[in-house]
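Numbering-wise (the numbering used here), the sequence shown opens with residue 122 and increments by one.
Note that CB positions come from ideal geometry on N, CA and C, so glycine has one too.
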Amino acid sequence: MLGGLVKDLNLKYRNWWLILVLVMANYLFQLSLCKFMNSTASSFYYSSSIIVALAILLLVTALNTRISKDNRVIKELSGLFLLTFTLHSFFIGKVTSLVASIPLAALWVWIVVSFITVAVSYILMKLPYANKIFRI
C-alpha cells in the first residue's frame with residue numbers, strides 16, 4: 122500500500138541526513154522506553170510515528186537513489202534478502218539475551234544481529250542448491 126501511494130504521489134526525496142536523524146531519534150525513543158517495556162526488541166515500536174516516517178523516507182529515498190547496475194555490493198546483498206529476513210528474528214532472540222546487561226544494549230543488538238545475519242546468510246548461500254531455495 123505504501124509503495125502504491127509513493128508511486129501515485131511521485132514523491133522525490135534524497136536527504137540521507139534526515140533519515141540518519143530519524144534513525145537516531147528512533148534509537149533514543151526505544152532506549153528511553155526499554156526500562157518500561159523490559160525489552161530491547163524493536164517490534165514493540167513499529168507503529169510509532171517515528172518508525173512510520175522513517176519507513177516512508179527510506180522507501181522514497183531508495184526509489185530515488187540511482188545505483189549503477191554493476192555495483193557488486195548491491196548484487197551480493199540483494200541475493201541475501203530472503204534468507205536474512207528469515208534468520209534475523211532468530212538471532213535477535215539469541216543476541217538480546219547475551220548483551221542485555223551491557224550499556225547501550227539495544228544499539229549493540231542492532232549492530233551484532235545485522236553483522237551475524239548477513240554473514241551467516243552469505244555463508245549459507247554458498248551451499249549447493251541454497252541459491253535456488255532462498256533467492257527471490
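Rounded to whole angstroms, the gap between the alpha carbons of G214 and Y243 is 20 angstroms. Around H209, the same chain offers V234, T238 as residues with beta carbons nearer than 7 angstroms, after the five sequence neighbours per side are excluded.
For Y243, the enclosing alpha helix (DSSP H) has its first and last residue at 226 to 246. I171 and A227 have their C-alpha atoms roughly 17 angstroms apart.
Under the three-pair Cβ rule at 8 angstroms, the segment 140 to 147 counts as touching the segment 172 to 180. Taking the Cα positions, L154 is about 43 angstroms away from Y250. Around the beta carbon of V194, fewer than 16 other beta carbons lie within 10 angstroms, which makes this residue exposed. With contacts defined as CB atoms closer than 7 angstroms, W229 and V220 qualify as a contacting pair. Going by DSSP, N192 is part of no alpha helix (DSSP H) at all; its letter is neither H nor E. Excluding residues up to 5 positions away in sequence, L178 lie with their Cβ nearer than 7 angstroms to the Cβ of L139 in the same chain.
About 6 angstroms separates the beta carbon of M246 from that of L204, a gap short enough to meet the 8 angstroms contact definition.
Just so you know, the alpha carbons of N252 and F157 end up roughly 42 angstroms apart.
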